[in-house]
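Working notes, beginning with the structure itself.
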Amino acid sequence: MMTVYLSHGLESGPGALKVQALKGVAEQFENCEPVVMDYRGLKEPQERLEHLLAVIDERNDTLANCVLAGSSLGGWLSAAVSAQEPVLGCFLLAPALGLPDYPQTSITLQAQHTHIIHGWRDDVVPPGPVIEHARCQRLSLRMIDDDHRLQNSLDTILSDFERFLELCLQ
Numbered sequence: 008m009m010t011v012y013l014s015h016g017l018e019s020g021p022g023a024l025k026v027q028a029l030k031g032v033a034e035q036f037e038n039c040e041p042v043v044m045d046y047r048g049l050k051e052p053q054e055r056l057e058h059l060l061a062v063i064d065e066r067n068d069t070l071a072n073c074v075l076a077g078s079s080l081g082g083w084l085s086a087a088v089s090a091q092e093p094v095l096g097c098f099l100l101a102p103a104l105g106l107p108d109y110p111q112t113s114i115t116l117q118a119q120h121t122h123i124i125h126g127w128r129d130d131v132v133p134p135g136p137v138i139e140h141a142r143c144q145r146l147s148l149r150m151i152d153d154d155h156r157l158q159n160s161l162d163t164i165l166s167d168f169e170r171f172l173e174l175c176l177q
């Protein structure tokens, strides 16, 4: 059984469109259990990271069988967990990498499979550091003509996520 942890962004919540759409894709796979995280009330990245790690620990999930998927701060959380211990997969949407006010700005992902989707017109998380991060680690990166919210790219995100989960389940 593969567990997929879905992490929303800073100003978002567990009912957000992207998180719920990703959950719907994960539910289509019989060997896949989506867990939608709820970080409302936790503002600091470090607090959210500790909460995610605590939930993984409570569930007794082995990180080697986990996919961490997240948007913006949720993408940073997914990457930060994989920096601590190897995971099966990281699926990152406009991940908050390379931001000066985040605890770890140059995270080294330890994921068997990684895919990043980022918008060229992102004015919240600049594309440059994310592109450089992907280049340094040779990570799969799809740059799209969209902004930080990636609202015009939901179909692309969901088809990439479906292929990503298929790859992780092989």
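Position 137 of the sequence shown, counted from 1, bears residue number 144 in my numbering, the numbering being contiguous throughout.
Cβ atoms here follow ideal geometry from the backbone N, Cα and C, with glycine treated the same way.
The structure presented is a predicted model; accordingly, all values stated were derived computationally and were not measured.
Could you give the first and the last residue of the continuous beta strand (DSSP E) run that contains residue i?
| i | result |
| --- | --- |
| G77 | C73 to S78 |
Check whether the Cβ atoms of residue i and residue j lie closer than 9 angstroms to each other.
| i | j | result |
| --- | --- | --- |
| Q158 | T121 | no |
| V26 | C73 | no |
| L59 | V88 | yes |
| L148 | I124 | yes |
| E139 | Q35 | no |
| L75 | L165 | no |
To the nearest whole angstrom, what separates the beta carbons of residue i and residue j, a pair I think is in contact under 8 angstroms?
| i | j | result |
| --- | --- | --- |
| L174 | L80 | Actually they do not touch by this definition, with Cβ atoms about 25 angstroms apart. |
| P102 | W83 | 6 angstroms |
| M9 | L176 | 6 angstroms |
| W127 | D152 | 6 angstroms |
| H155 | V131 | 4 angstroms |
Can you name the start and end residues of the alpha helix (DSSP H) that residue i belongs to?
| i | result |
| --- | --- |
| V43 | No alpha helix (DSSP H) holds V43; the beta strand (DSSP E) holding it covers C39 to V43. |
| E173 | L161 to L176 |
| L24 | L24 to E34 |
For residue i, which of the options has the nearest alpha-carbon?
| i | options | result |
| --- | --- | --- |
| S14 | E40, A101, S85 and L49 | S85 |
| A90 | D68, I138, L100 and L56 | L56 |
| S78 | L99, G48, Y12 and D64 | L99 |
| Y46 | F36, A33, V32 and V62 | V62 |
| L104 | C39, D129, A71 and S166 | D129 |
| L70 | G96, P52, E54 and L49 | G96 |
| L49 | Q117, P41, P21 and R142 | P21 |
| R66 | L29, E40, V137 and E51 | E40 |
Residues bridged to residue i by DSSP?
| i | result |
| --- | --- |
| H58 | DSSP output for H58 lists no bridge partner at all. |
| S14 | G77 |
| C143 | Its beta-bridge partners do not exist; DSSP assigns none. |
| I151 | G126 |
| C97 | L75 and T121 |
| M8 | The partner list for M8 (beta bridge, DSSP) is empty, contrary to what the question assumes. |
Counting only beta-carbon separations shorter than 9 angstroms, does residue i have a partner in chain C?
| i | result |
| --- | --- |
| A86 | Of the protein chains in the structure, only one exists, and it is not chain C. |
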